[in-house]
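Heads up: the structure comes next, in structure tokens.
There are 2 protein chains.
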Amino acid sequence: MSPQDLFYSMFHEWMEISMHRSMRGYMHYAREKGLSRSMIGTLFHLSHRDHAGVTHLGEHLGVSSAAASQMLEHLVEEGLIQRTEDPEDRRMKKLSLTEKGYQVVKESVSARLGWLDELSANLSEEEKNQISKVINLIIEKSRELDLPDKGEC
Amino acid sequence: MSPQDLFYSMFHEWMEISMHRSMRGYMHYAREKGLSRSMIGTLFHLSHRDHAGVTHLGEHLGVSSAAASQMLEHLVEEGLIQRTEDPEDRRMKKLSLTEKGYQVVKESVSARLGWLDELSANLSEEEKNQISKVINLIIEKSRELDLPDKGEC
DNA sequence: CCATATAATTAAGCAGACTTAAATATTAAA
DNA sequence: TTTAATATTTAAGTCTGCTTAATTATATGG
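Going down the list, the sequences are from chains A and B. 1 is the number of the first residue of the first sequence in this note's numbering; add one for each residue after it. 1001 is the number of the first residue of the second sequence in this note's numbering; add one for each residue after it.
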């Protein structure tokens, strides 16, 4: 097996494990909180940057502007986002997370990554350092790829 | 920052990047193929092991046995799974993937992991080896955690 | 054998997220 | 200024995946 094949198969295996574990916590949390996929996507997106434009957000999520508008209305009602008129162009709305919205994102991430605590307990300090170092490398290389927006999900 | 904190924050960061990238390809593929979350969950589950019992599968997916039955009917119509009577207990059905079903799972994984090719192109052979080694460690440690069923998603 | 329990399916209906189309407000261009 | 384009919202309806309840078939225990 070439280094390339090994790399690919290891990554493949690992992604399956981590996706599986993470999705469990994630779905459970979302369902519990009554958040749709679009809502989660919006919250994550806004957690990385504020966003101008309902239609634009809709495109990002792959839904119509009407759907985006309705979904945002729910998030506003829940007090998770702020929706204000853009003074530059008063047809548009500026969107941002409220404090409560940040909290929800944070909790959702914890729900998704909670199993890491268990994993971490099985690792020596030495191993953790080694892992941190390599992951840091992967992260840096990932950043060099053409960056679509982050925070989709 | 302690090794523990560093480990956690690196992992956190990495999971966000990889989940985001993977979910994009994944959702897109699923929508394109007209596969619901339950269907995808079923296909992945069956790709790891055959399964006996519609109700049991439903529990695994978090839906009623009626919902599971209906969803399975679609998958049978699509030719993605086989559903046969269990000779041990003829009330139950044995479920397994067809060749076509395996193909769909495989493609879905590719759609999810396609971006790894780009990442891989940015890495030296040396780096790939290093990464493979560490990921292997993580995988092994993950396996030691109490294993719920694999193949959820 | 009969009564009860269990598995899968079918039927009917509900809820949520989506769609298109129309209405309103604002901006840009002729 | 008038006309056209753009952004959002509202209204009405559709579609999908789910639910509960009823039905059928098989297994099990008295």
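Using N, Cα and C, we set each Cβ at its ideal position, and we do this for glycine too.
query	result
Interface flag, Met15/A vs chain B, CB-CB below 8 angstroms	yes
Secondary structure, beta strand (DSSP E): runs of 3+ residues fully inside the region 79 to 120 of chain A	81 to 85, 93 to 97
Contact set between the region 129 to 143 of chain A and chain B, restricted to residues whose Cβ is under 7 angstroms from the partner	Asn129, Gln130, Ile131, Ser132, Val134, Ile135, Asn136, Leu137, Ile138, Ile139, Lys141, Ser142
Option nearest Met1092/B by Cα separation, candidates Ser1036/B, Gly1041/B, His1056/B, Ser1018/B	His1056/B
Contacting residues, own chain, Cβ-Cβ under 7 angstroms from Thr98/A (five flanking each side not counted)	Gly79, Leu80, Ile81, Gln82
Closer than 9 angstroms at the beta carbon, the chain A residues around Met1019/B	Ser18, Met19, Ser22, Met23, Tyr26, Arg112, Glu152, Cys153
His1051/B versus Val1063/B, Leu1116/B, Leu1095/B, His1020/B, residue with shortest Cα-Cα distance	Leu1095/B
Reference Met23/A, options Leu1061/B, Ser1047/B, Glu1073/B, closest by Cα	Leu1061/B
Cβ separation of Ala111/A and Gly25/A, assumed to be a contact under 8 angstroms, to the nearest whole Å	4 angstroms
For Ser1065/B and Val1076/B, believed in contact at Cβ under 8 angstroms, the rounded distance	Not really, about 16 angstroms apart at Cβ, beyond 8 angstroms.
Test item: CB-CB of Met1039/B and His1074/B under 8 angstroms	yes
Per-residue burial, Ala121/A [other beta carbons within 10 Å of its own, 16 or more giving buried]	exposed
Beta carbon of Leu157/A nearer than 8 angstroms to that of Phe1011/B	There is simply no residue 157/A to check, as chain A begins at 1 and stops at 153 in what is shown.
Contact with chain B by Glu127/A, beta-carbon distance below 8 angstroms	yes
Within chain A, the residues that Leu1035/B reaches when beta carbons sit closer than 9 angstroms	Residues of chain A passing the Cβ test: none, with the nearest at roughly 14 angstroms.
Inter-residue spacing [alpha-carbon to alpha-carbon] between Asn1129/B and Ser2/A	10 angstroms
Minimum C-alpha distance to Leu72/A - residue among Arg90/A, Arg37/A, Pro87/A, Gln103/A	Arg37/A
Within 7 angstroms of chain A by C-beta, residues of the region 1003 to 1014 of chain B in sequence order	Pro1003, Gln1004, Leu1006, Phe1007, Tyr1008, Met1010, Phe1011, His1012, Glu1013, Trp1014
Buried versus exposed call for Ser1009/B [16 or more other C-beta atoms within 10 Å across all chains shown]	exposed
Contact with chain B by Leu119/A, beta-carbon distance below 8 angstroms	yes
Residues near Lys150/A in its chain [Cβ-Cβ closer than 6 angstroms; skip 5 each side]	With a pLDDT of only 42 at Lys150/A, under 50, the local geometry of the prediction cannot be trusted, and the value read off the model is given with reservation. Answer for Lys150/A: His48, listed in chain order.
Within chain B, the residues that Leu145/A reaches when beta carbons sit closer than 8 angstroms	Trp1115, Glu1118, Leu1119, Asn1122
Lys1141/B versus Leu119/A, Tyr29/A, Val104/A, residue with shortest Cα-Cα distance	Leu119/A
8 angstroms Cβ cutoff met for Ile1138/B and Ile139/A	no
Ser1108/B versus Ile1135/B, Gly1041/B, Tyr1029/B, Glu1059/B, residue with shortest Cα-Cα distance	Tyr1029/B
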